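Report on the structure given below.
Residue numbers (this note's numbering), protein chains in the order written: chain A, 169 to 369; chain B, 857 to 1073.
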């Protein structure tokens, strides 16, 4: 006979970006944690700042960068596989393109940008793509060149070209990415429950 | 009545989506659906289907089924056909001639000298049409240009018109289910009934003329 769980608890997880200060675990039982209302629903009625009781200190806090590392590991693996495809495969890229793409991806990861979708036009370039609402941003990366493009359904909003010299310092090319993505400061993500803890708000 | 000739701005053209060419794994890759091939003269080329010679959805899809079949037969003849790479026609997306020609005057696409669609019978297909884009000489980064062009063309697409060819009806999970709705929304045939009838009659006449060598190939 199956034993169904008697109680089910929600477990929140706080994801902080690199500029955030982690909650002080050594202070009084009452902790103040600044939260942004999330899309998870159950936080809808909570004020922006609230006193959280001791039990909330069991909420795991992770850096957004840890989430990003996983995404970029998968991106790196995908790019690596693209270099190993057979000649004539639609998704094959040349090793110098792989190197340039990894260099740009490393810069994106350091700044905790979400990992992009990727595609290519042939072996000579790979394209990083992000969607934000109906708008799109593309980085077309070849061995010695980057093209950035931001578009809406109606028109191309912005295009900038960067040559090999500018490639040595990717932060210039990433300025467009930062402006396009408009990252939020914090967000709440519901995580898996290991030790069920009654959530008190 | 003319067979062939200039493709009006308001005419519909269709881009067939074939698995695995337009896919990444099992997921539809919109960027691969509109693949542009570089020509020796520096221009970019893609193939489309002209509605004038595929005036019904049935004819659009039969074109796509023949396309996938021909590619599979070619691979089979070369001894390179693998089951996992077998081409499967999934459906088509619609573009207007006007949206293609607008590339030449699009903001931030200064390197495009001209963009046009030209009727060009190919491999026995009367509906085959070339999408030809001519770039200014010395264009700096052709792949960046391709990204911009593919983005603009996709934004003007509507559809998909999904289809399963008879030879693929036994597939457990047909890849056409992965096709996504194009930015311009679902396809809608806005031609009035009488116009559709006329298009079908015109197609039948031109097709007969062409197949009986009364019309220059």
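Cβ coordinates follow ideal geometry from the N, Cα and C atoms, glycine included.
Note that this is a predicted model, so its numbers are computed, not measured.
Take residue 261 of chain A, set aside five residues on each side of it, and the residues of its chain with a beta-carbon closer than 7 Å to its own are 250, 251, 288, 291, 294, in chain order. Residue 1001 of chain B: member of the alpha helix (DSSP H) spanning 998-1011, first to last residue. Contacts with chain B (Cβ-Cβ distance below 7 Å) from the region 297-318 of chain A involve 304, 306, 308, 310, 313, 315, 317, listed in chain order. Residue 318 of chain A and residue 268 of chain A do not touch by the CB rule: their CB atoms are close to 20 Å apart, not below 8 Å.
The straight-line gap separating the alpha-carbon atoms of residue 991 of chain B and residue 878 of chain B is approximately 25 Å.
In the DSSP assignment, residue 946 of chain B falls outside any alpha helix (DSSP H) and lies within the beta strand (DSSP E) extending over 944-952.
At least one CB atom of chain A sits nearer than 8 Å to the CB of residue 1003 of chain B. Taking a cut-off of 8 Å for Cβ pairs, the region 953-960 of chain B and the region 1042-1052 of chain B do not touch, as fewer than three such pairs fall below it. Flagged as an interface residue toward chain B: residue 321 of chain A, by a C-beta distance shorter than 8 Å. Listed in chain order, the positions of the region 1013-1042 of chain B with a beta carbon within less than 7 Å of a beta carbon of chain A are 1039.
962, 963, 964, 965: these are the residues of the region 952-976 of chain B whose beta carbon lies less than 8 Å from some beta carbon of chain A, given in chain order. Distance from the Cα of residue 1025 of chain B is smallest, within the candidate group B:969, B:945, B:930, B:889, for B:945. For a Cβ distance threshold of 9 Å, residue set 998, 999 of chain B lies close to residue 292 of chain A, ordered along the chain. With respect to chain A, the C-beta atom of residue 1007 of chain B has a partner C-beta closer than 8 Å. If you look at residue 1070 of chain B, you'll find it isn't in any alpha helix (DSSP H); DSSP assigns it neither H nor E. Legend: CB atoms of the region 896-911 of chain B lying less than 8 Å from CB atoms of chain A are not found in any residue.
A direct Cα-to-Cα measurement between residue 266 of chain A and residue 874 of chain B gives close to 27 Å.
At a cut-off of 8 Å between C-beta atoms, residue 287 of chain A counts as an interface residue with respect to chain B. DSSP links residue 976 of chain B through a beta bridge to no other residue. Looking from the CA of residue 1060 of chain B, the closest CA among B:886, B:908, B:1008 belongs to B:908.
Remark: fewer than three beta-carbon pairs, one from each stretch, lie closer than 8 Å, so the region 1018-1034 of chain B and the region 964-982 of chain B are not flagged as touching. The beta carbon of residue 327 of chain A sits closer than 8 Å to some beta carbon of chain B. One alpha carbon belongs to residue 968 of chain B, the other to residue 922 of chain B, and they sit about 32 Å apart.
No Cβ of chain A is located within less than 8 Å of the beta carbon of residue 983 of chain B. Taking a 10 Å sphere around the C-beta of residue 284 of chain A, we find 16 or more other C-beta atoms and assign the residue as buried. Counting along the chain, the unbroken alpha helix (DSSP H) around residue 277 of chain A starts and ends at 263-278.
Below 8 Å, too few C-beta pairs join the region 1008-1020 of chain B and the region 928-938 of chain B to call them touching: fewer than three. Looking at B:870, B:862, B:1004, the one whose alpha-carbon comes closest to that of residue 1018 of chain B is B:870.
In this structure, the beta-carbon distance from residue 998 of chain B to residue 894 of chain B falls below 8 Å. Residue environment: residue 1037 of chain B is assigned as exposed (fewer than 16 neighbouring CB atoms within 10 Å of its CB, all protein chains considered). Beta-bridge partners of residue 316 of chain A (DSSP): A:307, A:328.
The beta carbon of residue 1066 of chain B lies closer than 6 Å to those of 982 in the same chain, with the five residues before and after it left out. Contact annotation, residue 866 of chain B with residue 930 of chain B: C-beta distance approximately 35 Å; criterion of less than 8 Å not satisfied.
Taking a Cβ-Cβ cut-off of 7 Å, the neighbours of residue 258 of chain A in chain B comprise 877, 888, given in sequence order. Cβ neighbours of residue 277 of chain A within its own chain (closer than 6 Å, five residues either side excluded): 236, 240. DSSP places residue 237 of chain A in the helix class (H, G or I) of the three-state scheme.
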